[in-house]
Amino acid sequence: MTTSSASAASTTPNVSRGRALACVALLVVIGFSLGCSEFVVIGIEAELAEAFRVPLARVGELISFFSIAYAVLTPTLAIVTGRFRRYPLLVAYATLFCLANVVMAFAPTFELLLASRVLLGAVSGGLLALGITYIPELVGAERSSMTISVVYASFAVAMVFITSVGKIVAHALDWQLIMLASLGLAVASSVALLAVLPRTGSTDAPATMREQIELFREPQVACAVFIFLFGVGSVYVLYGYVTPYLEEVLGLDAVAASAVLMAYGVACFFSNLLSGWLDTRFGIRALTVTFPMQALLLLAVWLLRGSAVGGVAMILLVGLSMYLVSVPCVSVFMHSAMRWHPKALTLASSLEPTSFNMGIAFGTAMGGVVVSGPGIAHVGAVGAAFSLVAWGLAALTYMLERRRARSAREQG
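Just so you know, we're using my numbering here: the sequence shown kicks off at 637 and counts up by one.
Listed below in structure tokens is the structure:
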């Protein structure tokens, strides 16, 4: 994070350096697993629509309902469970995470599949948020930004890995096999993480609901939430329907579309790492430059919809911009908590996945409107407009951050 007055040991008390590194590695793996479970449906949308005999736009609900549950319940659970210790909560969340994957893999009806996605969304955010709170203790405050960016990078890689591999598996074998693979990864990663994470830590102090909600008194925190809504939403207007876009608009076959999705995953991986670097160097100010660039890229996707080569190139560049928003906004959340509301740290860590999924739900829903209305070819233009809204919000957040810091200095 750009700045932090919080003091954190380089490792959690009574945890060796080797074990701390193992914890971080498994947090990366759990991030990958969470990404696989969330996005497994994107690469097999057409197959799900055929298997459950529902319209393609209805399959989009599997993404948006997940995201709504994630967005609403992640901060809610962080607030109401503030009096509980982290480790027992992690056990509960991990158990429900695995159960949701079981139901998702074997759901006999679309309604039950949709219910499993809601349960998955309800607990995934809590699992990730609690895991993130260990990072300052495991690696030290000065390395937290880059470590968090690596965890998010694993999430991004999973997002596109599971969609591209899922498309290949569904085309060559059976779409349900990729669901089973996601289930196996969820169980294995959850068990391993719970085995190595320390049972106690410095953020186990109980916090009341009021002490946590105080975080929302910081206007820059609320503003950063809306950056995610429009910034992430701008990309998901396109990405929520990227597989049919590649096939129907750009004319790619299943194998070529899968290759593009894999390349998109590589772009997203570097996007996360670049996000950590941008935050370290420039903080939230970096987004006042990246969002106009993202808007131009999405507009180019729309303008080049008649060109397979040009369209694919622009989509890959959108992938490179996709996660630049993450770490600078995480720093706003975490810095505000550590400096002024230390008992709201778990809530602060939950705001990134919550806000990101609000953006996913918003963008996917708007994408569905575009697909059902003007047509899938126009998703890039709508996404570009949302990026410009996020640009204005980033500028406002930067001003609010500076004003809050100046006020704190004046108050001594």
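Quick reminder that beta carbons are idealized off the backbone N, C-alpha and C, glycines included.
- Less than 8 angstroms separates the beta-carbon of Y770 from that of L833.
- Annotation: the continuous alpha helix (DSSP H) that includes I704 extends over 697–716.
- In this chain, the alpha helix (DSSP H) harbouring I951 covers 944–957.
- Ranked by Cα distance from G1004, the options A714, Y881, A860, L897 are led by Y881.
- In this model, R917 and F852 are separated by some 26 angstroms (Cα to Cα).
- In the three-state scheme derived from DSSP, where H, G and I count as helix and E and B as strand, Y881 is classed as helix.
- Put simply, the segment 659–666 does not touch the segment 794–803. Fewer than three CB pairs are less than 8 angstroms apart.
- Looking only at S669, Q930, Y706, the smallest Cα-Cα distance to S957 is reached by Q930.
- Cβ contact annotation for I996 (same chain, cutoff 7 angstroms, sequence separation greater than five): I699, S703, V868, Y872, in chain order.
- Here P855 has L1036 as same chain residues with Cβ atoms under 6 angstroms from its own Cβ, once five neighbours each way along the sequence are excluded.
- By the beta-carbon neighbour count (other beta carbons within 10 angstroms, threshold 16), T926 is buried.
- Excluding sequence positions up to five before and after A858, its CB lies within less than 8 angstroms of the CB of F852, all in the same chain and listed in chain order.
- A direct Cα-to-Cα measurement between G901 and A984 gives close to 27 angstroms.
- C-alpha of L670 to C-alpha of L1029: approximately 28 angstroms in a straight line.
- Apart from sequence neighbours up to five positions away, the residues of its chain that approach A685 with a beta-carbon distance below 8 angstroms are P691, L692, R694, V695, ordered along the chain.
- DSSP places V827 within a helical segment (H, G or I) once states are collapsed to three.
- Take the alpha-carbon of A1021 and the one of V827: they are about 43 angstroms apart.
- In the structure shown, the three-state DSSP call for R689 is coil.
- In the three-state reduction of the DSSP assignment, H1014 falls in the helix class, which pools H, G and I.
- I996: member of the alpha helix (DSSP H) spanning 981–1008, first to last residue.
- Burial state of A707 is buried, judged by a 10 Å Cβ sphere holding 16 or more other Cβ atoms.
- In this structure, the CA atom of W976 is about 21 angstroms from the CA atom of T712.
- Counted as a single uninterrupted DSSP element, the alpha helix (DSSP H) harbouring L910 occupies residues 890–918.
- The three-state reading of DSSP puts A1026 in helix, counting H, G and I together.
- Below 8 angstroms, enough C-beta pairs join the segment 1011–1025 and the segment 931–945 to call them touching: three or more.
- Judged by DSSP in its simplified three-state form, P928 adopts helix.
- In this structure, L763 places its C-beta atom within 8 angstroms of the C-beta atom of Y729.
- Here L888 really is in contact with A944; their C-beta atoms are around 7 angstroms apart, less than 8 angstroms.
- The beta carbon of V948 sits closer than 7 angstroms to those of L886, V896, all from its chain and outside the five residues before and after it, given in chain order.
- Relative to the Cα of I804, the nearest Cα in the group I951, R721, T879, E847 belongs to T879.
- Here the alpha carbons of R689 and S790 stand approximately 33 angstroms from one another.
- Counting other Cβ atoms within 10 Å of its Cβ, E1046 stays below 16 and is therefore classed as exposed.
- G802 and S673 have their alpha carbons spaced roughly 12 angstroms apart.
- S760 has its alpha-carbon roughly 19 angstroms from the corresponding atom of A980.
- Scanning its chain for C-beta atoms nearer than 6 angstroms, with the 5 sequence neighbours on each side dropped, one finds around V861 the residues S991, in chain order.
- Listed in chain order, the alpha helix (DSSP H) elements of length 4 or more contained wholly in the segment 837–875 are 845–849, 855–875.
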